[in-house]
Amino acid sequence: MHLKLFVLSASSVVLWLASLTALDKTLDIHKALQGVSLTAAIACAVAAGNIAREQAEQNEIEEIKTRAITADVVDEIATSAYISQQQRQQEAEQILNPCEHLERSLALTYDEGERSEPITQNQLAEPEQNGSENGESERTERIHQLQAKGWGKAKIILEVWGISKGGSPKYKAAEAEYKHLLGEE
Amino acid sequence: MRAMYLANYFVAGCIAFSLLGWVASLHPITFRAVLCLLVAIAIAWGLSWLLDFSLSQLLNISVADLQALLIGGLAMLLIGLGVFLCT
Numbered sequence: 041m042h043l044k045l046f047v048l049s050a051s052s053v054v055l056w057l058a059s060l061t062a063l064d065k066t067l068d069i070h071k072a073l074q075g076v077s078l079t080a081a082i083a084c085a086v087a088a089g090n091i092a093r094e095q096a097e098q099n100e101i102e103e104i105k106t107r108a109i110t111a112d113v114v115d116e117i118a119t120s121a122y123i124s125q126q127q128r129q130q131e132a133e134q135i136l137n138p139c140e141h142l143e144r145s146l147a148l149t150y151d152e153g154e155r156s157e158p159i160t161q162n163q164l165a166e167p168e169q170n171g172s173e174n175g176e177s178e179r180t181e182r183i184h185q186l187q188a189k190g191w192g193k194a195k196i197i198l199e200v201w202g203i204s205k206g207g208s209p210k211y212k213a214a215e216a217e218y219k220h221l222l223g224e225e
Numbered sequence: 026m027r028a029m030y031l032a033n034y035f036v037a038g039c040i041a042f043s044l045l046g047w048v049a050s051l052h053p054i055t056f057r058a059v060l061c062l063l064v065a066i067a068i069a070w071g072l073s074w075l076l077d078f079s080l081s082q083l084l085n086i087s088v089a090d091l092q093a094l095l096i097g098g099l100a101m102l103l104i105g106l107g108v109f110l111c112t
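The following block contains the structure:
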């Protein structure tokens with residue numbers, strides 16, 4: 041296509057200039073040849089122009105396609121980056137603020153009017169019977185929940201273990217378990 | 026490629042004006058006819074410059090494009106007739 045274009049362009053210029061310079065205007069036959077040559081030159085130039093215009097339009101379409109594909113890819117990358125950033129942010133929030141996360145999750149299930157029964161002394165005395173891990177995790181959750189409400193240690197021990205503050209060995213045992221559950225020891 | 030097709034159309038216009046000169050050289054009557062045609066073209070060209078804003082709206086092209094076309098047309102006429110007369 042390019043070769044045809046260049047040949048047509050060159051032939052139009054050659055036919056135009058060669059006929060006018062090489063042929064004599066006084067001779068009839070030369071004059072006729074000049075007319076034919078000029079007409080052919082116009083035809084060649086217009087044909088070359090049409091070919092070049094089609095080529096230019098195709099190039100423009102290709103450029104538009106390339107730009108559209110590039111924009112699509114950039115948009116997809118930006119979307120995935122945004123999503124991964126949100127995921128990272130959520131994970132960071134979960135790691136940095138477990139109390140708040142726990143409070144949020146408990147707020148979905150916990151009724152404000154409902155108050156759990158204090159854990160009896162028998163249950164405190166027999167942790168193995170109740171299932172130590174489940175009991176501990178329940179107490180820990182309850183402690184976190186009450187801490188999130190701004191409750192103090194003595195009030196939490198009174199709520200969870202049902203033992204009021206004092207120097208009694210039961211209170212000391214409850215306090216030790218409280219610290220153990222919170223990992224303060 | 027865009028420059029290529031513009032150049033080809035420009036060359037075609039130049040050759041067309043050379044052909045017009047060739048037609049004018051055939052006979053005194055054709056000479057007068059071509060002269061009248063050139064006068065008409067000159068009047069249209071001048072009017073196009075005066076009415077460029079209206080014409081650009083009519084042809085749905087920008088004023089700059091219309092002015093470029095007019096200048097290109099003048100250049101084609103000068104080159105085409107110049108080449109014919111100088112050879």
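Chains as they are written, first to last, in the numbering used here: chain A, 41 to 225; chain B, 26 to 112. Using N, Cα and C, we set each Cβ at its ideal position, and we do this for glycine too. Given the structure is predicted, the values throughout are model-derived calculations rather than measurements.
Requested in this report: Can you tell me which of the three DSSP states T112(B) falls into?
Outcome: Numbered from 1 along the second sequence, position 87 holds the residue referred to as residue 112(B). If DSSP states are grouped into helix, strand and coil, T112(B) belongs with coil.
Query raised in the report: Straight-line CA distance for A58(B) to V47(A)?
Result: Here residue 58(B) refers to the residue found at position 33 of the second sequence. Here residue 47(A) refers to the residue found at position 7 of the first sequence. Here the C-alpha atom of A58(B) lies approximately 35 Å from the C-alpha atom of V47(A).
Query raised in the report: With 8 Å set as the bound, which would you pick, yes or no: does the beta-carbon of L104(B) sit closer than that to a beta-carbon of chain A?
Result: Start at 1 with the first residue of the second sequence, and residue 104(B) comes out as number 79. This sequence places Ile at residue 104(B); Leu is not what is there. Chain A, which has no Cβ nearer than 8 Å to the Cβ of I104(B), makes this no.
**Report entry** For Q185(A) and Y122(A), the rounded distance between their alpha carbons
**Finding:** Here the question's residue 122(A) lines up with position 82 in the first sequence. Here the question's residue 185(A) lines up with position 145 in the first sequence. Going by C-alpha positions, Y122(A) is about 33 Å away from Q185(A).
Query raised in the report: To the nearest whole angstrom, what separates the beta carbons of S43(B) and W56(A), a pair I think is in contact under 8 Å?
Result: Taking the second sequence and counting its residues from 1, the one referred to as residue 43(B) is at position 18. Taking the first sequence and counting its residues from 1, the one referred to as residue 56(A) is at position 16. Contact flag correct, Cβ pair sits at about 6 Å.
**Report entry** As assigned by DSSP and simplified to three states, the class of T66(A)
**Finding:** Counted from its first residue, the first sequence places residue 66(A) at position 26. T66(A): coil per DSSP, three-state reduction.
Query raised in the report: Does V36(B) come within less than 8 Å of chain A when only Cβ atoms are used?
Result: Along the second sequence, one-based indexing puts residue 36(B) at 11. So, interface residue.
Report task. Give the C-beta separation of Q228(A) and M41(A) to the nearest angstrom, bearing in mind that I take them to be a contact with Cβ-Cβ under 8 Å. Result -> Lying outside 41 to 225, the shown extent of chain A, residue 228(A) is not represented and no answer is given.
Query raised in the report: M101(B) by DSSP, collapsed to three states: which one?
Result: Position 76 of the second sequence, counted from the start, is the residue given in the question as residue 101(B). Helix, per DSSP.
Query - Closer than 8 Å to chain B by CB, I82(A) - result: Within the first sequence, residue 82(A) is the residue found at index 42, counting from 1. For I82(A), the closest Cβ of chain B is nearer than 8 Å.
Query raised in the report: What separation, rounded to the nearest whole angstrom, lies between the Cα atoms of K65(A) and L31(B)?
Result: Numbered from 1 along the first sequence, position 25 holds the residue referred to as residue 65(A). Numbered from 1 along the second sequence, position 6 holds the residue referred to as residue 31(B). Distance between the alpha carbons of K65(A) and L31(B) is about 31 Å.
Query raised in the report: Taking DSSP as the reference, what is the three-state secondary structure of M26(B)?
Result: For the purposes of this step, residue 26(B) is taken as the residue at position 1 of the second sequence. It is coil, neither helix nor strand.
Query raised in the report: Beta-carbon of F109(B) versus every beta-carbon of chain A: anything under 8 Å?
Result: Locating residue 109(B) in the second sequence gives position 84, counting from the first residue. Chain A contact via Cβ: present.
Query raised in the report: Thinking C-alpha only, which one of A62(A), A216(A), S51(A) is nearest K193(A)?
Result: Sequence index remark: in the first sequence, residue 193(A) carries index 153 (1-based). Cα-wise, what sits closest to K193(A) is A216(A).
Query raised in the report: Is any beta-carbon of chain B found at less than 8 Å from that of A50(A)?
Result: Taking the first sequence and counting its residues from 1, the one referred to as residue 50(A) is at position 10. Chain B, which has no Cβ nearer than 8 Å to the Cβ of A50(A), makes this no.
**Report entry** Residues that L60(A) contacts on chain B, provided the C-beta gap is smaller than 7 Å
**Finding:** As a working mapping, residue 60(A) is identified with position 20 in the first sequence. Result: S43, V108, F109, T112.
Query - Closer than 8 Å to chain B by CB, L43(A) - result: By one-based count along the first sequence, residue 43(A) stands at place 3. Residue-level contact by beta carbon fails for L43(A) and chain B, as no gap is shorter than 8 Å.
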